[in-house]
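Remarks on the structure that follows.
Numbering (our numbering), first residue to last: 1135 to 1563.
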């Protein structure tokens, strides 16, 4: 795997164009969640690298995806998201399509309407262009390439490894987008290594081991597992139980059912029984809170109850999993190599007796003044990333050096090369 990465991969127009040409049109990627398109007539527009894809729940209950372009003269059909769609009507000439992508009607021209029935086989010549779609874990994946590996092969071991989470029992509680002044890969980088924890998030050293985080490399995807409820080995001065308690409540109090409004005043740490540690007490408190939602995690070991299971789903999504809660971060390329859109989802576990249908999440775009609402850790990362991008653009060094703690970054670039096959004349291989 590469140890040195060309900086221009993060700043070059040529590299961005290569990604637009060879990566985004040919890879499985998360478009939205099933929450977004629950009912017939629900639709969601996914935009990436200049491409717009519509995800639609048909009147037959099936999910489908289409290129968001009218086959007549190319007009964009729908924007954003919505509900109650009965047909797709182009605003340019009023060609009308059903929710399965077929041409339903067109405005009179004096000519006979071109209909799919003119051809007995092959794709509908006047219907919407379908896009491959699959679902897993409540997420809707799309792949613009008409042929290629199925989603089940792309996901590798992830569905089996994460079966214990019960992702089908979760619903989206928050969906936010933040425009960032950095390359999409720089954004992903910040969330797939713990090496920066001591420098950027020093408050986390009291509750998380940033050194002993075993890494797993799959074919395309990667994982680390981070122990929580224990201090970092970097804290050679030791961490008093009260400090660990306060830091855990402030950052992860919701996992014990503590309302966010109360996390700033945690009070004294709970009694620690003889022969036990504060981590043991935290585990029991998390278990107690999880039990209020049902029996899903009754047989879970302590490791799975408290620790962080962290996955990079190639190319641009990061899944952060705790028992009873998980979040997903997705970075989409911006109009220039120095911009991206960072999408963030939070998912909460529903009680066993909750209905399967629930509130449809609304995507909210946050400006800089609203970032503190994301919490201190996310705020620290988002303030850092534009500075990283500015530094990558400086002349003087053509590459940056990776350490052994950044294996997941190296693997991401290795898989990027597999998709992009960068020409040698770019000097970025």
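We put the beta carbon where it would ideally sit given N, CA and C, even for glycine. These numbers come from a predicted model, not from an experiment.
field: Candidates 1318, 1272, 1333, 1235: closest to residue 1303 by CA position
entry: 1272
DSSP beta-bridge partners of residue 1224: Answer is none; residue 1224 lacks a bridge partner.
message: Using the three-state DSSP reduction, which class does residue 1194 fall into: helix, strand or coil?
response: coil
- prompt: Going by C-alpha distance, which of 1343, 1378, 1459, 1219 is nearest residue 1232?
  reply: 1219
query: Quick one: is residue 1355 buried, meaning 16 or more other Cβ sit within 10 Å of its Cβ, or exposed?
result: buried
- request: Using three-state DSSP, classify residue 1553 as helix, strand or coil.
  value: Residue 1553 falls in the helix class under three-state DSSP.
query: Considering residue 1360, what are the terminal residues of the beta strand (DSSP E) in which it resides?
result: 1356-1360
- prompt: In the structure shown, what three-state DSSP assignment does residue 1177 receive?
  reply: strand
- request: Take residue 1262 and list the residues in its own chain whose beta-carbon comes closer than 6 Å to its own, dropping the five residues that flank it on each side.
  value: 1200, 1231, 1235
message: Let's see if you can read the secondary structure: which residues bound the alpha helix (DSSP H) around residue 1412?
response: 1412-1425
For residue 1474, the residue or residues it bridges with in DSSP: Residue pairing by DSSP places residue 1474 opposite 1314, 1467 in a beta bridge.
query: What is the rounded straight-line gap between the Cα of residue 1189 and the Cα of residue 1504?
result: 29 Å
query: Exposed or buried, what is residue 1328 when buried is set at 16 or more other beta-carbons lying within 10 Å of its beta-carbon?
result: buried
query: What residue does the alpha helix (DSSP H) around residue 1497 start on, and which one ends it?
result: First-last for residue 1497: 1497-1499, but that is the beta strand (DSSP E), not the alpha helix (DSSP H).
message: Rounded to the nearest angstrom, what separates residue 1460 and residue 1206 at their Cα positions?
response: 43 Å
task: Measure the alpha-carbon distance for residue 1457 versus residue 1224 and round it to whole angstroms.
output: 45 Å
query: In terms of residue numbering, what span does the alpha helix (DSSP H) encompassing residue 1147 cover?
result: 1147-1156
query: Taking all protein chains shown into account, do 16 or more other C-beta atoms lie within 10 angstroms of the C-beta of residue 1138, making it buried, or fewer, making it exposed?
result: exposed
message: Taking only three categories from DSSP, how would you classify residue 1086?
response: No answer is possible for residue 1086: the residues shown for the chain start at 1135 and end at 1563.
query: Quick one: Cα of residue 1333 to Cα of residue 1522, how far?
result: Between the alpha carbons of residue 1333 and residue 1522 lies a gap of roughly 14 Å.
field: Status (buried if at least 16 other CB within 10 Å, exposed otherwise) for residue 1546
entry: buried
- prompt: alpha helix (DSSP H) containing residue 1138: first to last residue?
  reply: Looking at the DSSP string, residue 1138 is not in any alpha helix (DSSP H); the run it does join, the beta strand (DSSP E), is 1138-1140.
message: Need the endpoints of the alpha helix (DSSP H) that residue 1375 sits in, please.
response: 1375-1386
- request: Could you work out which residue in 1511, 1214, 1541 is closest to residue 1124 when comparing CA atoms only?
  value: Missing from the structure shown is residue 1124; the chain here goes from 1135 to 1563 and no further.
- request: Measure how close the beta-carbons of residue 1162 and residue 1325 come, nearest whole angstrom, since I'm counting them as under 8 Å.
  value: At roughly 19 Å, the Cβ-Cβ gap does not stay under 8 Å, so residue 1162 and residue 1325 are not in contact.
message: Here's the rule I'm using: 16 or more other beta-carbon atoms within 10 Å means buried, otherwise exposed. How should residue 1422 be labelled?
response: exposed
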